[in-house]
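Trainee: Take a look at this one; I'll ask things after.
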Amino acid sequence: MVPITTLHYLVVAAALFVLGVIGVLTRRNVVIVLMSIELILNAVNLNLVAFSRMWGNLHGQVFAIFIVVDAAAEVAVGLGILIAFFRNKDTINVDEIDLLKW
Amino acid sequence: MNPMMHTVAPMTMMSPGMAPVATPFFFYMLAGLAIAGGVLVIMLRNAVHSALSLIVTLLAVTGLYLMLYAPFVAAVQIFVYAGGIMLLFLFVIMLVNIDRAAKDRRFNRMWPIGLAAGCGLFALFVSAFVKGRALFPDRMMAMSESSNTQQIADLLYGNVDRMGQYRMGPYTFAFEIASLLLLVAILGAVIMTKKKI
Amino acid sequence: MPNFITSYFGSTLTPGAAGNQFWALVYVFVIFTGVSVAVMAMNWLERKALAHFQIRLGPMRVGPHGLLQPIADAIKLALKEDIIPSEADQFIFWVAPLIGLLAAFTVYTVIPFGPSEAVSDMNIGILFMLGVSSIGVLGIVVAGWASNSHYPLIGALRSSAQMVSYEVAMGLAVVSAVLMTSMNEKGTGTLSMIGIVQAQQQQGIWFIFKFFPLGFIAFAIFAIAMIAETNRAPFDMAEAESELTAGYHTEYSGLRWSLFMLAEYAAMIAVSSIAITVWLGGWMRPFPNLLRAPAWGFIFSLFPGLTFAGLAAIAVIGTIRMPSHSFFKVQRMGLAGFAAVLGLIAFLLLVLAVAGRSPDASVAARFNAGIGYVYWFVLKIAVFMYLFIWYRATWPRYRFDQLMRVGWKVLLPISLGVLILTAIAGVVVS
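Residue numbers (our numbering), protein chains in the order written: chain A, 4 to 105; chain B, 6 to 202; chain C, 52 to 481.
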C-alpha cells in the first residue's frame, strides 16, 4: 500500500471544495447553499492543516482556527439575514430572491 | 512573509507505541466518509437530512485532523462546527422549512453548467497537484509517520501549549481582531432578526 | 500468553498511550458494562430515594426491596410495541437516540479512574469531553423534529436552548480550573484529564479549595450548570410531564425511549466525573496531604472492603427483618444470597488491602492501589448521583424564562469574574 502522503489529503480537500462549489452553484435552497459554503471552508481547513503537518510548524493550524471562528461568525449573520428575508418574502429559493433585479 | 520559527520549550520524550495503527485504512475510511457526506449534502432533498450528512462530514474531517496530529483543531472543530454551527443550521431549518420547499425542484436550471464548472475546477486542482509534485520532492511524498520522531513529538505532545505560544506570539493582534469579529457578528445577528429595530 | 496481552503488564501508562489495543478494548468493554450496570442501579436508587423522600416505600415487590425492578423495567421496555408516528421522518426518528447515546458514551474514553486506569489520555481531554457532550444536543433537536408533533418540537427546542446556554457557563468554569493547573514552577498547564488530577496532586490541594472561595464558586457554577446540561430537576422544564407531556421523547416508545434514558443517565455520570476530576481530586483519597503517614494510607485502603462489608451487613439485617411468611421465602433467599455475595467481595477486598499494604511493586500492592483509585472515584460519583436525586426530590421546577435568565445573566458573569480573579490571584501568588 502506498504510504499516505500530503498529496492524499490535498486531493480529499480538493474533492470537498469542488462538492461545495457545485452545491453553491446548483442548489435552490438557501440553507443548503450555506451548508455548501461550510463544506468549502472545511476543505480549506483540511488543506491548511495538511500543510502544517508537512512543514512541521503550527502556522497552518492557527490559521485553521481563525477560519473556524470566521465561519461561525459568517453562519450566524448569514442565517440571520435568511430569517429576516424569509419574514418578508416567505420563500427560501435562491431563484426567488430577486428584489434588486431591474 | 517569512514564517517565524519560534523556539519552544524542550519536549518530553516521546512514548513508545505512538505510531498510529493501520493508517491507510483509517485514512481511506475517513476520507470516503467525508466525501460521501459531502455528496449527500448537495444531493438530498430534505434539508434536515442534508444537515445530518454535513455533521457526518464534519466528524470525518475531525478524524482526519487527528490523523494529521492536530488535536486542538479537531477539538475546536467538534466544539464550534459540529456542536454549534450545525445546531444553528438545524434551528433555522426548523424555522423556515415550509412544505412547499419539499415539492420544489432541487437544482436550478443551470445545473449542467454548474456541474461542468465543478469538474473543470477539480481537473485544474489535479493538474496543479501533478505538476507541483516536483516542487517539494522530499516533503510531498515523504510524510511517513515515523520519519521524524522529534517533529512528531513536537506536534502532538504540547500541541495546545505551542498553540498558546503562537496565540501570544505572532498572532496576538489577529486573535484580538477575531474576538471583535465575533462581537460584531453577534450584534449583526441580533439586529437582523429583531422584528422591530 | 501472547505478547500483546502481557506487554501491558507493569506499564504505568493508559492502554491508549502505550499503544496496546487489546487492553484498550478490554477497558472499553469494562466501562460500557459498568456504565450500564450503574444506570440500572441509578434507576433503582432514584425510585427508592424519591419514594423515601416522599414518605413512601417505592418498589418493594419485584425483588427484595425492589432490587430487581430495573431488570423488570428493561424487559418490559424491550417487549413493548415500537410505535412510530406515520408522518414522522423514519430515518431521523431512528437515528436520533443513537446520536445522543453515542455522544454520552464516547466521553468515557477519557475519564480517568486512576493514573493509568483510563482508556486513553488525550492531551485535549477536557476539551474533548465538553465538545462531545455538546454533540448530544443535536440528538435531542433531531428527535424533537422527527416526531412531527408540537409538544416534542417545543420540548426539543427548549431543551437544546437550555443545554447550549449552560454549556457556556460550564466551559468558563472549567477554564478557570484549567488555569489553576498552570500555577506550578514550570508555568505550563495541561488540558488532559490525568494531567489535571496530577496537577492537583503536585500542588497539594484540591482545586475546589484553591484560592478559596474562587475554586469553590467555580465548582458551584459547574455543579449548577451540569444539572441544567442533563435536563434534570430543577431544570427539567423540557421533559416534565406536567408541562410538556414528556417533551422531546413523547413519541418514542419501548426500547427507543430507554435509549434516551440511558443517554441521560450516562451523561449525568459523565458530567459528574468532569466535576470530580477537575475540582475534587479525581481518584485521590480524601486528605491526601493532611494525613500523609503510611498508616493513614493503610486505613484508607481498607475503605473498599469496609464499604462492601457495610452493604453486606445492611442486606443481612434486611434478611432478618423480612416477614417470616411463606410468601417471602424467595425474597429472603435472594436477599441472603445477595448478602453472601457482598460479604465475599468484602472479604476479598480486605484480604487484598492487608496483603498489599506496603507500597512496593508487587502484584497485590498494585492491584490494591488500582482498586483504591477506582473506589474513591466511584464513591465520589455515587455522592453526586445521590445529590442529583436529592435535588429532584426537593426543589420545584424553574420556568423556562427564569432558567434562561439564570444561565445567561447570573452564571455567565459570575464565571467570567471567577476566571479573571483566578488569573489575578495566580499572578499575585507566584
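Note that the Cβ used here is the ideal one computed from N, Cα and C, for glycine as well.
All values reported here derive from a predicted model rather than from experimental measurement.
1) B/A288 versus chain A: which residues are under 7 Å apart at the beta carbon?
2) Between the segment 46-60 of chain B and chain E, which residues of the former have a C-beta closer than 8 Å to a C-beta of the latter?
3) Between A/V33, A/L61 and A/V71, which has its C-alpha nearest B/L63's C-alpha?
4) Can you list, in chain order, the residues of its chain whose CB lies under 8 Å from that of C/Y449, leaving out five sequence neighbours each side?
5) Rounded to whole angstroms, what's the CA-CA distance from C/D172 to C/F179? Just pull it up for me.
6) With DSSP collapsed to three states, give me the class of C/N174.
7) Could you check where the alpha helix (DSSP H) with C/T281 kicks off and where it finishes?
8) Just to confirm my understanding: we take C/F359, look at its own chain, exclude 5 residues before and 5 after, and list those with CB closer than 7 Å. What are they?
9) Using only CA atoms, which one of B/A121, B/W116, B/M173 and B/A80 lies nearest to A/T29?
10) Helix or strand or just coil, what does DSSP make of B/N51?
11) Would you report the Cα separation of B/L45 and B/F94, rounded to the nearest angstrom?
12) Strictly below 7 Å CB to CB, what residues from chain C border B/V165?
13) Looking only at C-alpha atoms, which of B/A52, B/V61 and B/P76 sits nearest to B/I40?
14) Thinking just about the alpha-carbon of each residue, which of C/Y426, C/V461 and C/A415 is nearest to the one in C/A276?
15) Excluding the 5 residues flanking A/L49 on each side, which residues of the same chain have their C-beta closer than 8 Å to its C-beta?
16) Here's the rule: buried if 16 or more other CB atoms are within 10 angstroms of the residue's CB, otherwise exposed. What is C/W145?
17) Only counting the same chain, and skipping five residues up and downstream in sequence, which positions put a Cβ closer than 6 Å to that of C/M214?
18) May I ask you to list the residues that DSSP assigns as paired with B/F112?
19) List the residues of chain A that B/T62 touches, going by C-beta distances under 8 Å, in chain order.
20) Looking at the unbroken alpha helix (DSSP H) that takes in C/G468, where does it start and where does it end?
21) Rounded to whole angstroms, what's the CA-CA distance from A/V47 to A/G23? Just pull it up for me.
22) In the segment 73-84 of chain B, which residues sit with their C-beta less than 9 Å from some C-beta in chain C, listed in chain order?
23) Does the beta carbon of B/A139 sit closer than 8 Å to a beta carbon anywhere in chain A?
24) One question on the structure: do C/F258 and C/W330 come within less than 8 Å of each other, judged by their Cβ atoms?
25) Taking C-beta to C-beta, are A/T9 and A/A67 nearer than 8 Å?
26) Kindly indicate if chain A contains any beta-carbon less than 8 Å away from that of B/L185.
27) Tell me where the alpha helix (DSSP H) around C/V79 begins and ends.
28) Less than 8 Å between CB atoms is the rule here; does A/N96 satisfy it with respect to chain B?
29) Quick one, which residues of the segment 167-180 of chain B are near chain C if we go by CB-CB under 7 Å, in chain order?
30) Kindly indicate the opening and closing residues of the alpha helix (DSSP H) around C/T328.
31) Would you call C/H376 buried or exposed, if buried means 16 or more other Cβ atoms sit within 10 Å of its Cβ?
32) Please determine, among C/P166, C/V226 and C/V170, the residue with the shortest C-alpha to C-alpha distance to C/V77.
33) So is C/D140 buried or exposed if we call it buried at 16+ other beta carbons inside 10 Å?
34) Return helix, strand or coil for A/N96, following the three-state DSSP convention.
35) Any beta carbon of chain A sitting closer than 8 Å to that of B/L71?
36) For C/G423, which of C/I143, C/N340, C/A317 and C/G348 has the nearest alpha-carbon?
Mentor: The short version:
1) Examination of residue 288 of chain B is not possible in this model, given that chain B is present from 6 through 202 alone.
2) Structure shown: chain E not included; protein chains present are A, B and C.
3) For the residues A/V33, A/L61 and A/V71, the minimum Cα distance to B/L63 belongs to A/V71.
4) Within the same chain, and ignoring the five residues on either side of C/Y449 in sequence, the residues whose Cβ sits closer than 8 Å to its Cβ are P285, F286, M288 and V457.
5) Rounded to the nearest angstrom, the two C-alpha atoms are 11 Å apart.
6) Looking at C/N174 - three-state DSSP - the assignment turns out to be coil, as it is neither helix nor strand.
7) No alpha helix (DSSP H) holds C/T281; DSSP gives it neither H nor E.
8) Counting only Cβ-Cβ distances below 7 Å, and skipping sequence neighbours, we find L393, I396, A397 and L400.
9) Of the listed residues, the one whose Cα sits closest to A/T29 is B/W116.
10) Of the three classes helix, strand and coil, the one that applies to B/N51 here is coil, per DSSP.
11) A direct Cα-to-Cα measurement between B/L45 and B/F94 gives close to 16 Å.
12) When 7 Å is used as the limit between beta carbons, B/V165 is near these residues of chain C: N174, I175 and L242, in chain order.
13) Minimum Cα distance to B/I40 is reached at B/V61.
14) C/A276 has its Cα closest to that of C/V461, out of C/Y426, C/V461 and C/A415.
15) For A/L49, where only same-chain residues beyond five positions count, the Cβ hits under 8 Å are Y12, V15, A16 and L19.
16) That one is exposed.
17) Here the set comprises V188 and E280.
18) In the DSSP output, where bridge partners are listed per residue, B/F112 has A/R30.
19) Listed by position along chain A, the residues whose Cβ is nearer than 8 Å to that of B/T62 are L19, L42 and N45.
20) Residues L463 to V480.
21) Note on geometry: alpha-carbon atoms of A/V47 and A/G23 lie some 11 Å from one another.
22) The residues in question are P76, F77, A79, A80, V81, Q82, I83 and F84.
23) Against chain A, the CB of B/A139 has no partner CB under 8 Å away; the residue lies outside that interface.
24) Taking 8 Å as the Cβ cut-off, C/F258 and C/W330 qualify as a contacting pair.
25) Between A/T9 and A/A67, the C-beta gap is not smaller than 8 Å, which leaves the two residues out of contact.
26) Residue contact with chain A for B/L185: absent (no Cβ-Cβ distance below 8 Å to any residue of chain A).
27) Here the alpha helix (DSSP H) through C/V79 covers Q72 to F104.
28) Interface residue (Cβ-Cβ distance to chain B less than 8 Å): A/N96 is classified as such.
29) So nothing in the stretch comes that close.
30) From DSSP, the alpha helix (DSSP H) with C/T328 extends over L306 to W330.
31) Within 10 angstroms of the beta-carbon of C/H376 lie fewer than 16 other beta-carbons, which makes it exposed.
32) When only C-alpha atoms are compared, the closest one is C/V170.
33) Here C/D140 is buried: its Cβ has 16 or more other Cβ atoms, across all protein chains shown, within 10 Å.
34) Reduced to three states, the DSSP call for A/N96 is strand.
35) Chain A contact via Cβ: absent.
36) Of the candidates C/I143, C/N340, C/A317 and C/G348, the one whose C-alpha sits nearest the C-alpha of C/G423 is C/G348.
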